[in-house]
Amino acid sequence: MAQQLRPSKPADKQPKIDWSRRQEAENFAETVKLFRQGKIDHDSFRRYRLQHGAYGTRMTDDYAMVRIKVPAGQIYPPQLEKIAQLSEMYSIGSAHFSTRENIQLHWVILEDVSEIMQSLADVGMTSREACGNTVRNVMCSPLSGVCKDEIFDATPYALAIARFMLRNPICQGLPRKFKFNFTCCEKHGMIRIVDVGLLPQIQEIDGEKRKGFKIFLGGGLGNRSFVGHQLEDFTPVEDLLYTSMAVIRIFDRMGDRKNLSRNRMRYLVNEMGWEKFQNLVLKERAIVKATQSVIVKLNIDDAINEIQRPISVTDESTSIPDGYARWQKTNVEKQSQSGFNSVFIGLEAGDITANQLRSVAEIIRDYSAEGFARNGFSQNIVIRYVHDDDLVSLYSKLLETGLAKSGSLTMASAVGCSGTTSCNLALTNSHRLAKEVQRKFLELNFDEDDDLKDSTIKISGCPNSCGQHQIATIGFYGGGGRHEANMFPNYTMSLGGKFDEDAMLGHHTARVPVKRIIPVILKIIELFKENKQPDDTLAKWIDRVVKGNESSKITGVEDIKKEIAPLIAPPKIEDEPDFYMDYGSDTNYHTVTGKGECAA
Amino acid sequence: MIDSDIPVINSKILREKIQENSIRIVDVRRDQEYQQGHITNAVNLPLAKLLADDSPESIQKIAQDLGISDDTPAVIYDDTFGALSSRVVWALQYIGHKDVKLLDVTFSQWKELGYEISTEVPEIETATHSVKINSEIMATAEYLEKVKENKNVVIIDNRERLNYLEQHIPGAINIPYRTLSTDGKILRTKEGMKNLLKNRGISEDAEIITYCGSVGTLSGLAYYALKSIGVPNVKLYVHSFKEWKSLEKPIDKQENANYWDLSAE
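Here the protein sequences line up with chains E and C, keeping their order. With our numbering applied, the first sequence corresponds to residues 1 to 600, in that order. With our numbering applied, the second sequence corresponds to residues 1001 to 1265, in that order.
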């Protein structure tokens, strides 16, 4: 490749929107003091803390997890560098990328949270309304704007909704949390498993092409999961805000405020029935429109981002490092813009060190022609607008910083919630399990297997759904099992979950002891390989199996159960003490589980 | 030399004073690093040399060999965010040296500022230094154990959060050493440091004992971070957690959580 003359490195792109409000940091510090002095009761403080994005930590009141919102996933180099510094100063020296485009700092001393808020304000970020009964981080597909299958870029709309809802009085006291997801296409966005999911559409009305969305309502994952319903054929962008406000107003008015475990909007939709809910939304929207005292509008900034390829660090002598072809195949998506690529950086269960964050910031500056990155939906980071000629050089940089793991776009990149590493509700160490699964898959080169490419593995540490196990091809959620007098971590496995246009929740298949999960996954892959059709993928095959449409030796879930039964029988504790211990622990399982939670 | 209550010297002021030649500047990086370039006029004391024997007599000899007499103003720097130099400053103060300060930037930061460096090794004229032990600034395991329940005593652990969660001296609170610096300086601003203590509910009138992993470097930096805002009663538990453990003293840990698995290290 020829070295070309290029402009020098442009100045850092600055975030377009400042999400912070500095005063909140000082208020938070004061409120913590009043709480410690006993002047604010526990419940009020908890509500306040969550409203400001500080989540509780496992078995202690001394620490919090700070969830930093990244609306539409857009993250800028100075923001990554700031988070790197904060992770070293106030957290564990690593940060965590969540499944909802947030970045989390764990094990922060409650008294230090306000210092983090102060520093976040320096780079225009906030943790406000990242937890609690609020409109959570508004997500947008990391490929919005570059996806080959998208109709238009939803990003400006996602940012406008995020801006409208943040600190808005209409969503400060909702019955429960509320989630928006925007996407580019069905495949990349998870729009049917949230309260409001939005897919860009263009419709010709009176000979004029108009932008709008397909809107899905009432989906969600949790102890009981539901797939969202499409509100109407087409919602023009002019109605986006009115529709959103209408849905929130209905939820605010009619949502269950008593029963904490059943008060997400999806339960309301389910109890009322979709048609009734749908009518209510349409009616409410008409009222919202008609009763605006002043015209409320979304602030849509659809100025086109400047695309300027940074000065190239690539030269002709760059040799191709080992592993490049494998990495390129499993981590890089071609963009709709010719010559440009989106590079997925895989992180083990979303974890990244402070130094790696700094390297990512530098790599964005050096390689991304848009000058910022996107948080992905699978605990990963996406650097877009990387020129074809720069991929090898970028890969070399990732190698240097330990971020060149292959398989980001494959089944190998297992998702795991934080589990017992920090979460109060967790029953098992799902976080470490996801790392173990990923390591095993990469060791076996499964990321290179095209048959496995469109499958996913997702793991939660309890029946709640931070790990999104219900939409995985093979999903797991943690619990406790018992054999004779001894307990062991025991996961419920579900098969065949999907989040695309045929969204479907996984089928509960068996309970699998933690130390048998890898063997069971390998067994299922083996069964698939033995029985597959020539052009099958694992996801397609499992789909037929769970629907009872498979005609090979494995005709349904029952056959899978039979095949794995010998693997999951508990051994005697004397024969295999390790079976009774969770990953990351050297003591028997029941001794490390919170009181009373095993029974849940 | 300069206001002796403040344990830190501003790099700009040091730069102006280099040529006066009345200050002994000590570089505590390894010999090899020192040879490749150091602050003009600086002499070398690899920290390992001091740690090999940190008895008062040994510190005295080191000071004398570096040409530091009782009255020689000394400035110490490193390239390890100020932790190594803090340990050396503390050692000199421990044998009674009055005029010794930390440089407020690291060697790398000094270079970034574009200030003078040199490969020339200055000639050293040996000096005489007395030993007047300053026991006020030192905490032993025995002392720490005796006072740790006192209401007015605060013990600060300056290791990283995960090490602290896994095991620490009962009652200690954790301020990781990274918390003590700001961009471009080895210490926080005074306001920032005061604010940190205020948020944590630590009174500046308390007796504060700092410790870290093994040799008192990270906690040495904390010692001077506290001194920089004028906290009167600070002690360094110089042999730190390594000794505490070897003496089989009581240890606390954060139970029932697998926090290590959150680290990407």
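By construction, the Cβ of each residue, glycine as well, lies at the ideal position given by its N, Cα and C atoms. Here the structure is a predicted model, which is why all the values come from computation and not from measurement.
So, with DSSP's three-state summary, where would you put Cys417 of chain E?
coil
Thinking C-beta only, is Gly323 of chain E closer than 9 Å to Met265 of chain E?
no
Positions along the segment 402-434 of chain E whose CB lies within less than 8 Å of some CB in chain C:
Ser418, Gly419, Thr420, Thr421, Ser422, Asn429, His431 and Arg432
Considering only the alpha carbon of each residue, which of E:Lys13, E:Ala95 and E:Glu26 lies closest to Asp351 of chain E?
E:Ala95
Ala947 of chain C, enclosing beta strand (DSSP E) - first and last residue
Here chain C covers residues 1001 to 1265 and nothing more, so residue 947 of chain C does not appear.
Could you tell me which residues DSSP pairs with Val70 of chain E in its beta bridges?
BP columns for Val70 of chain E are empty, so no partner.
For Asn1258 of chain C and chain E, any beta-carbon pair shorter than 9 Å?
yes
One question on the structure: do Ala1141 of chain C and Lys1249 of chain C come within less than 9 Å of each other, judged by their Cβ atoms?
With contacts defined as CB atoms closer than 9 Å, Ala1141 of chain C and Lys1249 of chain C qualify as a contacting pair.
Going residue by residue through the segment 1053-1120 of chain C, where are the continuous beta strand (DSSP E) segments of at least 3 residues, counting only ones entirely within it?
1074-1077 and 1100-1103
Output the boundary residues of the beta strand (DSSP E) element that contains His641 of chain E.
In the structure displayed, chain E extends from 1 to 600; residue 641 of chain E sits before or after that span and is not available.
Alpha carbons only, please: which of E:Lys532, E:Leu199, E:Leu527 and E:Asp206 is nearest the one belonging to Lys562 of chain E?
E:Leu527
Starting from the C-beta of His52 of chain E, find all residues in its chain whose C-beta is less than 7 Å away, skip the five residues before and the five after it, and write them out in chain order.
Glu24, Phe28, Ser127 and Arg128
Report yes or no: is there a C-beta of chain E within less than 9 Å of the C-beta of Gln1109 of chain C?
no
Would you mind giving the Cβ-Cβ distance between Gln79 of chain E and Pro15 of chain E, rounded to the nearest angstrom? I have them listed as a contact below 8 Å.
7 Å
I need the boundaries of the alpha helix (DSSP H) containing Val281 of chain E, first residue and last residue.
Trp274 to Ala290
Per DSSP, Ser585 of chain E forms a beta bridge with which residues?
Partner(s): none; Ser585 of chain E has no beta bridge.
Does the Cβ of Glu1020 of chain C have 16 or more other Cβ atoms within 10 Å, making it buried, or fewer, making it exposed?
exposed
Best match in C:Tyr1164, C:Ser1203 and C:Leu1047 for proximity to Leu1092 of chain C [C-alpha to C-alpha]
C:Leu1047
Return helix, strand or coil for Gly1192 of chain C, following the three-state DSSP convention.
helix
Name the chain C residues that come within less than 7 Å of Gly56 of chain E, Cβ to Cβ?
Those do not exist, as Gly56 of chain E stays about 12 Å from chain C at its closest Cβ, beyond 7 Å.
Applying the 10 Å Cβ sphere with the 16-neighbour rule, what's the burial state of Thr1119 of chain C?
exposed
Quick one: residues in its chain with C-beta nearer than 6 Å to the C-beta of Glu333 of chain E, no 5 flanking neighbours on either side, listed in chain order?
Ser342
Pro566 of chain E - containing alpha helix (DSSP H), residue span:
Annotation: the continuous alpha helix (DSSP H) that includes Pro566 of chain E extends over Val557 to Ile568.
Using DSSP with H/G/I as helix, E/B as strand and the rest coil, what is Cys184 of chain E?
coil
List the residues of chain C that Asp43 of chain E touches, going by C-beta distances under 8 Å, in chain order.
By Cβ distance, chain C contributes nothing, its closest Cβ being about 23 Å from Asp43 of chain E, past 8 Å.
Classify Gln74 of chain E as buried or exposed, calling it buried when 16 or more other Cβ atoms lie within 10 Å of its own Cβ.
buried
Using 9 Å as the threshold, is the C-beta distance between Asn1158 of chain C and Leu1180 of chain C below it?
yes
List the endpoints of the continuous beta strand (DSSP E) containing Lys458 of chain E.
Ile457 to Ser460
Within a Cβ cutoff of 8 Å, which residues of the same chain sit near Asp536 of chain E, ignoring the five residues on either side of it in sequence?
Here the set comprises Asp451 and Phe528.
Considering only the beta carbon of each residue, do Tyr1237 of chain C and Ile1209 of chain C sit closer than 9 Å?
yes
Quick one: list the residues of chain C neighbouring Ala29 of chain E, beta-carbon separation under 9 Å, in chain order.
Asn1195, Lys1198 and Asn1199
Straight-line CA distance for Ile1251 of chain C to Asp1261 of chain C?
22 Å
Check this for me: beta carbons of Met139 of chain E and Glu115 of chain E, under 9 Å apart or not?
Against a cut-off of 9 Å, the Cβ pair of Glu115 of chain E and Met139 of chain E comes out as no contact.
Quick one: which chain C residues come within Cβ less than 8 Å of Leu347 of chain E?
Ala1264
Between Gly56 of chain E and Asn424 of chain E, how many whole angstroms is the CB-CB distance? I'm expecting something under 8 Å.
6 Å
At the level of alpha carbons, what is the spacing between Met190 of chain E and Gly497 of chain E?
Distance between the alpha carbons of Met190 of chain E and Gly497 of chain E is about 12 Å.
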